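In what follows, a structure is listed as C-alpha cells, so that the remarks can point back to it.
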Amino acid sequence: MTVQELTGAAAYRPTPPPAWKPLTDPAPLLPDPEPYRVLGTDAAAAVDPDLLLRLYAELVRGRRYNAQATALTKQGRLAVYPSSTGQEACEVAAALVLEERDWLFPSYRDTLAAVARGLDPVEALTLLRGDRHTGYDPREHRIAPLCTPLATQLPHAVGLAHAARLKGDDVVALAMVGDGGTSEGDFHEALNFAAVWRAPVVFLVQNNGFAISVPLAKQTAAPSLAHKAVGYGMPGRLVDGNDAAAMHQVLGEAVARARSGGGPTLVEAVTYRMDAHTNADDATRYRGDSDVEAWRAHDPILLLERELTGRGLLDEEAVGTVREAAERMAADLREQMNADPPLDPMDLFSHVFEERTGQLREQEARLRDELEAGQGPHGAEKAEEAR
Numbered sequence: 025m026t027v028q029e030l031t032g033a034a035a036y037r038p039t040p041p042p043a044w045k046p047l048t049d050p051a052p053l054l055p056d057p058e059p060y061r062v063l064g065t066d067a068a069a070a071v072d073p074d075l076l077l078r079l080y081a082e083l084v085r086g087r088r089y090n091a092q093a094t095a096l097t098k099q100g101r102l103a104v105y106p107s108s109t110g111q112e113a114c115e116v117a118a119a120l121v122l123e124e125r126d127w128l129f130p131s132y133r134d135t136l137a138a139v140a141r142g143l144d145p146v147e148a149l150t151l152l153r154g155d156r157h158t159g160y161d162p163r164e165h166r167i168a169p170l171c172t173p174l175a176t177q178l179p180h181a182v183g184l185a186h187a188a189r190l191k192g193d194d195v196v197a198l199a200m201v202g203d204g205g206t207s208e209g210d211f212h213e214a215l216n217f218a219a220v221w222r223a224p225v226v227f228l229v230q231n232n233g234f235a236i237s238v239p240l241a242k243q244t245a246a247p248s249l250a251h252k253a254v255g256y257g258m259p260g261r262l263v264d265g266n267d268a269a270a271m272h273q274v275l276g277e278a279v280a281r282a283r284s285g286g287g288p289t290l291v292e293a294v295t296y297r298m299d300a301h302t303n304a305d306d307a308t309r310y311r312g313d314s315d316v317e318a319w320r321a322h323d324p325i326l327l328l329e330r331e332l333t334g335r336g337l338l339d340e341e342a343v344g345t346v347r348e349a350a351e352r353m354a355a356d357l358r359e360q361m362n363a364d365p366p367l368d369p370m371d372l373f374s375h376v377f378e379e380r381t382g383q384l385r386e387q388e389a390r391l392r393d394e395l396e397a398g399q400g401p402h403g404a405e406k407a408e409e410a411r
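Residue numbers for the sequence shown follow the working numbering, so the first one is 25 and each next one is one higher.
Here's what the structure looks like:
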C-alpha cells in the first residue's frame, strides 16, 4: 500500500511543517574558501609593528623551548615531549590574545602556549617529567591542566565559560585541540552545548595534518574542519596557522565576539607538525621528507622575519638580541631540569581529596610506619627523607 492509498492521503504533506526551518542563516557562518592570511598581503601594513616584534620574539623563544625540551627527553630528563615545532604561531597567538582574567584550556602539545601566557617553563614540563600531577596551580595562572586524553578539556572549557557568564564575570575560555581531537565525542558535545548556551568560548583546532599517523582525509570528509562549525550554529574561521599576524587577528576577533555576548567561534588553523608526534613516534613511517621540506619554506618564523626585515623593523643586531634571550631561557631550563627534585613519599596522600578519607588516613599511617621501620621499598634512607 502506497502513501497515496492510505486513508486521508489527500491531506498528506510532502514537506515538513514550518518548525524545520533553520534557526540561523548558515551563510555568515561559513569559513573562507582559503585560509586567511595577513603576512605577505596588503593587510600586513596595518598591523602594529610592536605586536609583530613581540610575536617574533615569542616565536623564536618558542622554537628554542621546543628544541631544548626535545633534547631533555633524549637525555632522560623528560618521560615524553610532544613538540610543537612548526606550530609556534598558533601557540603564541592563543596566549597573547587572552586577558589575565581569561582561561586557557590546552592539550598535551600546548606547553608552549602555557609558557607564552607566563607559566614558568619548568612548571610547564613538570607533568611530562612524571613527578607531579600538573606542576602548577591552574587557578593562579588561569591555565587548565595540560590534557592528555583527546578533547576532554573542551567540555570543561564550556562549563567554566558558561558558569562565568551566569555569575556575570567578563571571562572568555580559549580551548585548544588537534585535528585528531575533532573525531572525539567530547568535541561534538562541547561545541553543541557552547552554541546552544552561547557560551563565551573560542575553540582553536590546530590542524597539523596528522592524528599521530592518521591523515586528516581518513578522519573526515568535510570540506574543512572549520565547516563543522556551521552544523552547531557558530561561525567557522579558516586561517593560515603559520601566519602569526593572521592567527592573532582571527583569534582576537573571536575572543572579542565571545566577550561581547556573541557566542562561540571555531577556528581551524592550518599548520604542520615538523617533528614527530612524540619522541616515541617514527614519523618516517607515514610521511615523506619532501612533505616536511615543503612546509619548511612556510615556517612561521621565516614568514615573520621576511615581513619585519622588508619593513625595516628587524636587522641582524635585533635578531641576535632575540636569539640570545632565547638561549638564556634554554640554559636556565636546562639547569633546573638537570637537578633532581626532592621527593616525599607522603605526597601520595596530599592532593587526592580536599579532606582525606578514613581509608587514605589509614594508608598514610601504614606507609609512614613501614618507612620508619625500614620495611618500605626504599628502607631507612627514605624514612629519613620523609621526616
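We put the beta carbon where it would ideally sit given N, CA and C, even for glycine. These numbers were taken from a predicted model, which means no experiment stands behind them.
A Cβ-Cβ contact shorter than 8 Å links Ala269 with Ala68. For the pair Gly287 and His180, the Cα-to-Cα distance works out to about 16 Å.
Within the region 302-386, the complete alpha helix (DSSP H) runs of at least 4 residues fall at 313-320, 324-334 and 340-361.
For Gln243, same chain residues with a beta-carbon under 8 Å away, outside a window of 5 residues either side, are Asp203, Gly204, Thr206, Ser207 and Ala235 in chain order.
By the Cβ-count criterion, Asp323 is buried, with 16 or more other Cβ atoms from all chains shown falling within 10 Å of its own Cβ.
According to DSSP, residue pairing for Asp56 in a beta bridge does not occur. Taken in chain order, the whole beta strand (DSSP E) runs of length 3 or more contained in the region 199-283 are 225-231 and 260-264.
The straight-line gap separating the alpha-carbon atoms of Leu198 and Val316 is approximately 29 Å. When secondary structure is reduced to three states using DSSP, Ala68 falls in the helix class.
Around Gln360, the same chain offers Val146 as residues with beta carbons nearer than 7 Å, after the five sequence neighbours per side are excluded. Taking C-beta separations shorter than 8 Å and ignoring five residues to either side along the sequence, the partners of Tyr80 in its chain run Ala268, Ile325, Leu328, Glu329, Leu332, Leu338 and Val346, following chain order.
Assigned with DSSP and collapsed to three states, Leu128 falls in strand. C-alpha of Val71 to C-alpha of Pro366: approximately 47 Å in a straight line. Bridge partners of Thr289 according to DSSP: Val226.
For Cys114, the enclosing alpha helix (DSSP H) begins and ends at Glu112 to Leu120. One alpha carbon belongs to Ala219, the other to Asn90, and they sit about 35 Å apart. Where Ala138 is concerned, the enclosing alpha helix (DSSP H) starts and stops at Thr135 to Ala140. Secondary structure at Ala300: coil, using DSSP grouped into helix, strand and coil.
DSSP places Ala197 in the strand class (E or B) of the three-state scheme.
Nearest to Arg392 by alpha-carbon distance, out of Gly285, Pro259 and Pro369, is Pro369. CA-CA distance, Pro162 to Thr39, rounds to 52 Å. Beyond the five residues adjoining it in sequence on each side, Ala350 comes within less than 6 Å, by CB distance, of Val84, Arg85 and Arg88 in the same chain, given in chain order. Taking one beta carbon from each stretch, the region 188-196 and the region 114-130 have 3 or more pairs nearer than 8 Å; the two touch. Between the C-alpha atoms of Thr295 and Val229 there is a straight-line separation of about 10 Å.
Here DSSP, grouped into helix, strand and coil, assigns Val84 to helix. Contact annotation, Pro55 with Ala250: C-beta distance approximately 4 Å; criterion of less than 8 Å satisfied. Within 10 angstroms of the beta-carbon of Asp313 lie fewer than 16 other beta-carbons, which makes it exposed.
Contact annotation: Val226 and Ser131 have beta-carbon atoms that are not nearer than 8 Å.
As DSSP reads the structure, Val294 sits in a beta bridge with Asn231 and Asp264. Burial check for Leu47: the Cβ neighbour count within 10 Å stays below 16, so the residue is exposed. Proximity to Val238 across Val279, Gly265 and Asp305 peaks at Asp305, based on C-alpha coordinates.
For the set Arg311, Gly398 and Asn266, the Cα lying nearest the Cα of Gly64 is the one of Asn266. A direct Cα-to-Cα measurement between Arg61 and Met258 gives close to 21 Å.
Per the coordinates, the alpha-carbon of Asp299 lies some 11 Å from the alpha-carbon of Arg320.
Setting aside the 5 residues that flank it on each side, Glu82 is surrounded in the same chain by Val116 and Ala140, each with a C-beta closer than 6 Å to its C-beta; the list follows chain order.
The C-beta separation of Ala214 from Val254 comes to about 16 Å, leaving the pair out of contact by the 8 Å criterion.
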